[in-house]
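Peer 1: Note that the protein sequences, when read in sequence, are chains A and B. All residue numbers for the first sequence refer to this note's numbering, where the first residue is 4 and numbers rise by one. All residue numbers for the second sequence refer to this note's numbering, where the first residue is 4 and numbers rise by one.
Protein chains: 2
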Amino acid sequence: MITIKEVAHHAGVSMSTVSYVLSGKRSISEATKRRVEQSIAALGYHPNAGARALASNRSRVVGLVVPLHSDQNMPIIMRFVSSIVARARDHDYDVLLLTKEAGPGEAHRVIARSMADAIIVMDVESADPRVPELRDVDAPVVLLGMPDDHEGLSCLDLDFASAGRQMAGHLADRGHRSIALIGSPPPVYQRGTSFAARLLSGFQGETAKRGLLASVHSCAAGYDAVSECLDDVLHPDRGTTGLVVHNEAVLGPLLLELRRRSLDVPGDLSVITLCPDDVAAALPVPLTSIAVPAQELGAIAVEMVIARLGRELAPEVRLLQPQLTDRGSTAVR
Amino acid sequence: MITIKEVAHHAGVSMSTVSYVLSGKRSISEATKRRVEQSIAALGYHPNAGARALASNRSRVVGLVVPLHSDQNMPIIMRFVSSIVARARDHDYDVLLLTKEAGPGEAHRVIARSMADAIIVMDVESADPRVPELRDVDAPVVLLGMPDDHEGLSCLDLDFASAGRQMAGHLADRGHRSIALIGSPPPVYQRGTSFAARLLSGFQGETAKRGLLASVHSCAAGYDAVSECLDDVLHPDRGTTGLVVHNEAVLGPLLLELRRRSLDVPGDLSVITLCPDDVAAALPVPLTSIAVPAQELGAIAVEMVIARLGRELAPEVRLLQPQLTDRGSTAVR
DNA sequence: AACCACGTTCGAAGCGCTTCGATTCAATTC
DNA sequence: GAATTGAATCGAAGCGCTTCGAACGTGGTT
Numbered sequence: 004m005i006t007i008k009e010v011a012h013h014a015g016v017s018m019s020t021v022s023y024v025l026s027g028k029r030s031i032s033e034a035t036k037r038r039v040e041q042s043i044a045a046l047g048y049h050p051n052a053g054a055r056a057l058a059s060n061r062s063r064v065v066g067l068v069v070p071l072h073s074d075q076n077m078p079i080i081m082r083f084v085s086s087i088v089a090r091a092r093d094h095d096y097d098v099l100l101l102t103k104e105a106g107p108g109e110a111h112r113v114i115a116r117s118m119a120d121a122i123i124v125m126d127v128e129s130a131d132p133r134v135p136e137l138r139d140v141d142a143p144v145v146l147l148g149m150p151d152d153h154e155g156l157s158c159l160d161l162d163f164a165s166a167g168r169q170m171a172g173h174l175a176d177r178g179h180r181s182i183a184l185i186g187s188p189p190p191v192y193q194r195g196t197s198f199a200a201r202l203l204s205g206f207q208g209e210t211a212k213r214g215l216l217a218s219v220h221s222c223a224a225g226y227d228a229v230s231e232c233l234d235d236v237l238h239p240d241r242g243t244t245g246l247v248v249h250n251e252a253v254l255g256p257l258l259l260e261l262r263r264r265s266l267d268v269p270g271d272l273s274v275i276t277l278c279p280d281d282v283a284a285a286l287p288v289p290l291t292s293i294a295v296p297a298q299e300l301g302a303i304a305v306e307m308v309i310a311r312l313g314r315e316l317a318p319e320v321r322l323l324q325p326q327l328t329d330r331g332s333t334a335v336r
Numbered sequence: 004m005i006t007i008k009e010v011a012h013h014a015g016v017s018m019s020t021v022s023y024v025l026s027g028k029r030s031i032s033e034a035t036k037r038r039v040e041q042s043i044a045a046l047g048y049h050p051n052a053g054a055r056a057l058a059s060n061r062s063r064v065v066g067l068v069v070p071l072h073s074d075q076n077m078p079i080i081m082r083f084v085s086s087i088v089a090r091a092r093d094h095d096y097d098v099l100l101l102t103k104e105a106g107p108g109e110a111h112r113v114i115a116r117s118m119a120d121a122i123i124v125m126d127v128e129s130a131d132p133r134v135p136e137l138r139d140v141d142a143p144v145v146l147l148g149m150p151d152d153h154e155g156l157s158c159l160d161l162d163f164a165s166a167g168r169q170m171a172g173h174l175a176d177r178g179h180r181s182i183a184l185i186g187s188p189p190p191v192y193q194r195g196t197s198f199a200a201r202l203l204s205g206f207q208g209e210t211a212k213r214g215l216l217a218s219v220h221s222c223a224a225g226y227d228a229v230s231e232c233l234d235d236v237l238h239p240d241r242g243t244t245g246l247v248v249h250n251e252a253v254l255g256p257l258l259l260e261l262r263r264r265s266l267d268v269p270g271d272l273s274v275i276t277l278c279p280d281d282v283a284a285a286l287p288v289p290l291t292s293i294a295v296p297a298q299e300l301g302a303i304a305v306e307m308v309i310a311r312l313g314r315e316l317a318p319e320v321r322l323l324q325p326q327l328t329d330r331g332s333t334a335v336r
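#1: Any residues in the region 28-62 of chain A with a beta carbon nearer than 7 Å to a beta carbon of chain B? Which ones, in chain order?
#2: E9(B) and L57(B) - do their beta-carbons sit closer together than 8 Å?
#3: Could you tell me whether the region 318-325 of chain A touches the region 115-132 of chain A, where touching means 3 or more Cβ pairs closer than 8 Å?
#4: For R194(B), which residues in the same chain have their Cβ closer than 7 Å to its Cβ, ignoring the five residues on either side in sequence?
#5: When you compare the CB positions of G205(A) and G148(A), do they come within less than 8 Å of one another, or not?
#6: Bridge partners of T102(B), per DSSP?
#7: Name the residues in the region 112-123 of chain B whose C-beta lies less than 8 Å from a C-beta of chain A; which are they?
#8: Rounded to the nearest angstrom, how far is the Cβ of N250(A) from that of S117(B), given a contact under 8 Å?
#9: Could you tell me which of G53(B), R264(B), L254(B), G186(B) sits nearest to R201(B), measuring between CA atoms?
#10: How far does the beta strand (DSSP E) with I123(A) in it reach, from first residue to last?
#11: Between the alpha carbons of V140(A) and M81(A), how many angstroms are there, rounded?
#12: Which same chain residues, not among the five before or five after L101(A), have their C-beta less than 6 Å away from its C-beta?
#13: In whole angstroms, what is the alpha-carbon distance linking V88(A) and L216(A)?
#14: Output needed in chain order: residues of the region 84-102 of chain B with a Cβ under 7 Å from some Cβ in chain A.
#15: Does A223(A) get closer than 8 Å to chain B when you measure Cβ to Cβ?
#16: Does E33(A) pass the burial test, meaning 16 or more other C-beta atoms within 10 Å, or should it be called exposed?
#17: Less than 6 Å between C-beta atoms, sequence neighbours within five positions excluded: which residues of the same chain meet that for L184(A)?
#18: Output the boundary residues of the beta strand (DSSP E) element that contains D160(A).
#19: Nearest-angstrom Cα distance between A334(B) and P188(B)?
#20: Using 8 Å for Cβ pairs, my map puts S332(B) next to V274(B). What's the rounded Cβ distance?
#21: Along chain B, in chain order, which residues have C-beta atoms closer than 8 Å to that of Y23(A)?
#22: If contacts are defined as beta-carbon pairs under 8 Å, then I79(B) and V295(B) qualify, I think. What distance do you get, rounded to the angstrom?
#23: Which same chain residues, not among the five before or five after H94(B), have their C-beta less than 6 Å away from its C-beta?
#24: Sort S197(B), V21(B), G106(B), M125(B) by Cα distance to I303(B) and report the nearest one.
#25: Please classify S197(A) as buried or exposed, where buried requires at least 16 other C-beta atoms within 10 Å of its C-beta.
#26: What are the start and end residues of the alpha helix (DSSP H) that includes V88(B)?
#27: In chain B, which residues lie with their C-beta within 7 Å of the C-beta of M81(A)?
#28: Let's see if you can read the secondary structure: which residues bound the beta strand (DSSP E) around A183(A)?
#29: Using the three-state DSSP reduction, which class does R321(B) fall into: helix, strand or coil?
#30: Below 9 Å between beta carbons is the criterion; list the residues of the region 288-304 of chain B that meet it against any residue of chain A, in chain order.
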């Protein structure tokens, strides 16, 4: 193993000079800087992370708590993870993978041992049992999601209430008077998943305000469940003409089933949804949608956490405003 | 921060004694061991990972290279990841998340800096460009997947050739004389994805040996592609009575489409597939299948890599034998 | 009574790096 | 020309832990 000492010797300078060349924390003349860099390249020097962490009291690692079992939404979770890792690397940080399943305490363990400098927690729910423990973690923590009680914690999420309002409003603007929300399976609501509840309340608020007829349907995945759900949604008594879908897993089967019933989108039924842009665009019928900006949320989470490393910043709640993209799946009535 | 020194003082022993209590590398009397453990608990001591890594030359971290963009198969990738993390934690290792997309060199960087003691690489392809670089990594490396040239590297995978043989054989045993393989989308084959090619060759070997009529169809995801593919597969000239499906994404649409065509499984058509057990079981028609033992493969990968940490073990290729579960989706003709 | 062996425990030397004065030397200033 | 400044560099003291050899009983042998 090549050490900083050998580099120093090779370049004819002291260890500290090499260190300062690497960190840029003190000014070094161009000449020696170049000489040191050449030695580093020539010897193939790589700083030892453990020694660095020990001496500087910074690991340059962020811990990321990921829900690895959550059967649903794996693809979207990976988008988050992938953007978080990429942005962290941009800042010269690495990512330590922690799982939600391993329980709380993992974040605390990793920080107490100085294995990481900060923590990002994904998939935080309304009454997340991890939240109290996270308050005691002695390092910057950013939550992706919004627990009900987020006092003293930094949170980041899409503004789902606004998304619910926007989607209902979009249909209302086009003259729809009776619309339906097709949501996640019942367990998601029972679990008190914050984003589902917030979207629902935004949706209901808007439909009430606009005086629309609105029905809400919790729909499980699977073709039969979807078909059954549609029977209900499309019952003649309702006169439903517009659908807001907040359940990514159901989109494919839903459109297929509509086709089977010879219902045209948007001719017979307008559909608007919340899902990643590329998913919305790749469906058999491209759907007007509000994007889940996973990339952006991941990036912001990293920025937030890193911003909190040096200075003491106050906890902050950031809700991203939803962006609606029109793909022509909603018609004027 | 509580240090080992403070624990030693609190317990009235020397630092080294505390260290030996923790590591168990020398015998310590029951009495002092208990005393030290009480002090550790009382003070809330957590060993500093950096200091430990520096002194012991072991980070107790394994690097895991994950394909985070691979749009397909995210759920199954997460199964691997999840079992790897869990098993690693069982051995008191943490997992550093590296992405395939960040390029090769990541493994090398992490090892050169002593951030990790070993590397597990997922999703290795036939002619994987990472393979040469991985040979130069100065630490145990285990590949999940089998590159063509795996000289000097340890690999672990399902025996896909055998899976292909078994599935063809299963249908042949039941009297089918003309069968079809529905495989992955063309890009997967073009990329030279090792497992697809191996399954194909096993399938073809067995059908040839048994004198069956066999057709092979590369099928893209999406309902229309599936329907088109079925037109081809079920062309009357072929007389196809059995289907081997090696494309998880296509299973749902496929069964749906068969139902739409009023073809009964297994009455009119026998279907057998390769996918995770729970996926096969959760389909509208439960399918007889060969499992992708993600849990087990992940666990073995961890064991292999850890086994190679202490001693010098020779590189090893391990192919897990496929397990077929009969769910009654294949009939005797 | 001197000796040995063994189970326990201690002390100190690093591990490779960062960082804080201290030092040097040349360029400015009065 | 002495004093002041500031940029560039050095030296050494840790950071918190592991580990090796040494030391210290204690009990059993001769």
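Glycine included, every Cβ here is placed at the ideal spot set by N, Cα and C. Computed from a predicted model, the values in this text were never measured in an experiment.
Peer 2: Let me lay it out:
#1: H49, P50, N51, A52, G53, A54, A56, L57, S62
#2: no
#3: no
#4: E128
#5: no
#6: Its beta-bridge partners are V69(B).
#7: R112, V113, A115, R116, S117, M118
#8: Not really, about 46 Å apart at Cβ, beyond 8 Å.
#9: It is G186(B).
#10: Run containing I123(A): 121-124, per the beta strand (DSSP E) assignment.
#11: So the alpha carbons of these two residues sit roughly 25 Å apart.
#12: G66, V68, E109
#13: 44 Å
#14: Under the 7 Å Cβ criterion, the region 84-102 of chain B contributes V84, S85, V88, R92, D97, V98, L99, L100, T102.
#15: no
#16: exposed
#17: F206, V219, V247
#18: 157-161
#19: Computed Cα separation, rounded: 27 Å.
#20: Yes, they are in contact, since the Cβ atoms of S332(B) and V274(B) sit about 5 Å apart, within 8 Å.
#21: Going along chain B, no residue has its Cβ under 8 Å from Y23(A), so there is no contact; the nearest lies around 19 Å.
#22: 6 Å
#23: I309
#24: M125(B)
#25: In summary, S197(A) is buried, with 16 or more beta-carbon neighbours lying within 10 Å of its beta-carbon over all protein chains present.
#26: 77-93
#27: L71, M77
#28: 181-186
#29: strand
#30: none
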